[in-house]
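What follows is one structure encoded as structure tokens, with my remarks underneath.
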Amino acid sequence: MNVPREELDLHRMTVDEALLRVDEFLYQAFRAGMYRVWVIHGKGSGTLRQEVRRYLSGHPLVRRYGTADRYHGGVGACEVDLGD
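Its first residue numbered 873, the sequence shown is counted upward by one per residue in the working numbering.
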């Protein structure tokens, strides 16, 4: 069984592609027993960041999310705590 990485990089994806990948990633990470992961959306225009955050805010596995620390991407990434 492949253990998922702790981070997902969404660079070069459309919003639709990215949100599908985020959903798959969160479920894989949760099933693997991870409690914290990072979603890297980049800085860019901010559209992807905004849509990813909107999606995370309503996801059933997300207990908390926020801007990652500078070692994990800062404003270009979200730190996500998982739970059920």
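C-beta atoms are modelled at their ideal positions from N, C-alpha and C, and glycine is treated no differently. Quick caveat, the model's predicted, so the values are computed rather than measured.
Buried or exposed (CB count within 10 angstroms, at least 16 for buried), residue i
i: R942; result: exposed
i: M873; result: Caution is warranted here: a pLDDT of 43 is assigned to M873, below 50, making its placement in the model unreliable, and no coordinate value can be reported.
i: R884; result: exposed
i: A890; result: buried
Residue from the options with nearest C-alpha to residue i
i: R877; options: R884, T886, I912 and E923; result: I912
i: T886; options: R935, D953, V924 and V952; result: V924
Residue i and residue j closer than 8 angstroms at C-beta
i: H944; j: L898; result: no
i: K915; j: G938; result: no
i: L933; j: D956; result: yes
i: E879; j: R908; result: no
i: L954; j: R935; result: yes
Supposed close pair residue i, residue j - CB separation, criterion 8 angstroms
i: I920; j: L892; result: At residue 920 the sequence reads Leu, which differs from the Ile that was named. Not quite, the Cβ-Cβ distance comes to about 13 angstroms (not below 8 angstroms), so this is no contact.
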